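The next block holds one structure in the form of structure tokens; read it before the comments.
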Amino acid sequence: MATLSQWVAGSRPRTLPNSIVPVAVGTGVAIGYDHFVWWRALLALFVSLLLQIGVNYANDYSDGIRGTDEVRVGPMRLVGQKVAPPKQVLAAALGCFALAAVAGLVLAAVTSWWLILIGAVAIAAAWFYTGGSRPYGYRALGELSVFVFFGLVSVVGTAYVQLESLPWAAWVASIPVGLLSCSMLVVNNLRDIPTDTASGKRTLAVLLGDRRTRLLYAGCGVAAFASVVIVAFSRPWALLALPSALWAVAPNRRVLGGAKGPALIPVLGETGRLQIIFGALFTIGLAL
Numbered sequence: 001m002a003t004l005s006q007w008v009a010g011s012r013p014r015t016l017p018n019s020i021v022p023v024a025v026g027t028g029v030a031i032g033y034d035h036f037v038w039w040r041a042l043l044a045l046f047v048s049l050l051l052q053i054g055v056n057y058a059n060d061y062s063d064g065i066r067g068t069d070e071v072r073v074g075p076m077r078l079v080g081q082k083v084a085p086p087k088q089v090l091a092a093a094l095g096c097f098a099l100a101a102v103a104g105l106v107l108a109a110v111t112s113w114w115l116i117l118i119g120a121v122a123i124a125a126a127w128f129y130t131g132g133s134r135p136y137g138y139r140a141l142g143e144l145s146v147f148v149f150f151g152l153v154s155v156v157g158t159a160y161v162q163l164e165s166l167p168w169a170a171w172v173a174s175i176p177v178g179l180l181s182c183s184m185l186v187v188n189n190l191r192d193i194p195t196d197t198a199s200g201k202r203t204l205a206v207l208l209g210d211r212r213t214r215l216l217y218a219g220c221g222v223a224a225f226a227s228v229v230i231v232a233f234s235r236p237w238a239l240l241a242l243p244s245a246l247w248a249v250a251p252n253r254r255v256l257g258g259a260k261g262p263a264l265i266p267v268l269g270e271t272g273r274l275q276i277i278f279g280a281l282f283t284i285g286l287a288l
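Going by the numbering used here, the first residue of the sequence shown is number 1, and it counts up by one from there.
Take a look at the structure:
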């Protein structure tokens with residue numbers, strides 16, 4: 001039986017900024033329009049966190065039963081390392097999805113029922129990333145999915161449930177958030193290129209190769225900060241987010257310096273820290 005600490009490790013807490021930052025930024029947009037609804041923002045955060053944890057457990061289950069995770073360099077995998085039975089990990093994933101669906105239904109009931117369709121698509125995307133007979137995460141589409149769901153959908157959706165409208169500011173603000181979320185997956189897949197290649201998992205990193213994947217990681221960060229400048233043409237205080245670029249130096253030095261395998265594990269934490277600091281400053285800038 002897996003211990004509580006192992007279940008927490010299996011939820012991959014270093015990836016949680018992917019779900020926290022978009023909700024914060026979407027709420028910043030809502031505050032900027034003088035329409036902050038705290039309980040709807042909390043429900044949106046609840047949904048986002050549960051979907052993130054759910055997809056992490058679902059990936060653990062699907063990769064584990066395929067044998068993809070038998071040789072791991074990165075954080076713990078519950079199924080692949082035989083720490084927890086596959087059925088338990090599957091139940092944890094489905095439980096997270098179910099709780100997210102319930103919270104999403106509440107938001108749909110007070111705003112618009114079309115949110116149910118968006119939620120259903122998000123859950124399906126979470127499952128079929130590595131689940132099913134033709135997982136799209138094995139076909140180099142993971143980064144695109146992350147950009148859409150942890151950028152566009154999460155930021156715009158959070159703003160919508162508070163504003164009940166779709167302001168352009170939410171769409172534009174979602175771009176840097178989605179790009180930084182992508183950078184987390186890029187470095188994760190960079191680390192796993194050797195094992196993913198051996199197991200037949202064709203991630204974008206496997207297709208691009210080591211050098212171009214490192215450039216992609218750096219490019220996501222550069223594009224994210226460049227898009228903040230674009231946002232600032234109408235929301236000047238958004239420039240408050242630019243100093244967070246200082247926290248991009250260390251992970252980029254490791255990635256561009258050729259770090260491999262275990263040496264890339266700290267980059268996940270550093271990228272998460274960058275996301276949190278960027279998200280906090282960007283949220284404040286959008287709210288002012």
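Built from N, CA and C at the ideal position, the CB exists for glycine as well. Keep in mind that this is a model prediction, so the values were computed, not measured.
- Annotated three-state conformation of R235 is coil, per DSSP.
- With respect to L215, L274 sits apart: the two C-beta atoms are not nearer than 8 Å.
- Cα atoms of V37 and F46: separation of roughly 14 Å, rounded to the nearest angstrom.
- Bridge partners of R202 according to DSSP: R139.
- DSSP, read as helix, strand or coil, puts R134 in coil.
- The Cβ atoms of A248 and G32 do not sit closer than 8 Å to each other.
- Sequence-distant Cβ neighbours of A250 in its own chain, meaning closer than 8 Å and more than five residues away, are E270.
- Close CB contacts of A232 within its chain, under the 6 Å cut and outside five residues either way in sequence, are with A238 and L239 (chain order).
- Restricted to the region 83 to 157, the alpha helix (DSSP H) segments that are unbroken, complete and at least 4 residues in length are 86 to 110, 114 to 128 and 142 to 147, listed in chain order.
- Contact between the region 5 to 16 and the region 42 to 60 is present: three or more C-beta pairs spanning the two stretches fall below 8 Å.
- If the five residues before and after E164 are omitted, its C-beta is found closer than 7 Å to the C-beta atoms of T111, all from its own chain and listed in chain order.
- At least 8 Å separates the beta-carbon of G272 from that of A241.
- Rounded to whole angstroms, the Cβ separation of N59 and T130 is 5 Å, and the two are in contact under 8 Å.
- The DSSP-derived three-state label of T213 is helix.
- In the structure shown, R12 adopts coil according to DSSP, grouped into three states.
- Inter-segment contact for the region 211 to 226 and the region 151 to 169 is absent: fewer than three beta-carbon pairs are separated by less than 8 Å.
- For the pair G119 and I277, the Cα-to-Cα distance works out to about 28 Å.
- Taken through DSSP and simplified to helix, strand or coil, R77 comes out as coil.
- The shortest CA-to-CA distance from V23 to any of A223, L152 and Y138 is the one to L152.
- Taking C-alpha positions only, V156 is separated from W127 by approximately 22 Å.
- Counting along the chain, M184 sits inside the alpha helix (DSSP H) bounded by residues W168 to R191.
- When the beta-carbon positions are compared, S183 and P135 stay at least 8 Å from each other.
- Excluding residues up to 5 positions away in sequence, S227, I230 and V231 lie with their Cβ nearer than 8 Å to the Cβ of V172 in the same chain.
- Between F282 and G28, the C-beta gap is smaller than 8 Å, which places the two residues in contact.
- Counting only the Cα atoms, A91 lies some 23 Å from S145.
- With 16 or more other Cβ atoms inside 10 Å of its own Cβ, K201 counts as buried.
- Selection F225, A103, A98 and A44 evaluated against A124 yields A98 as nearest (Cα-Cα).
- Taking the C-beta atoms as reference points, L107 is found nearer than 8 Å to L43.
- Contact check for N252 against A224 fails: the beta carbons are separated by 8 Å or more.
- No Cβ-Cβ contact shorter than 8 Å links A2 with P75.
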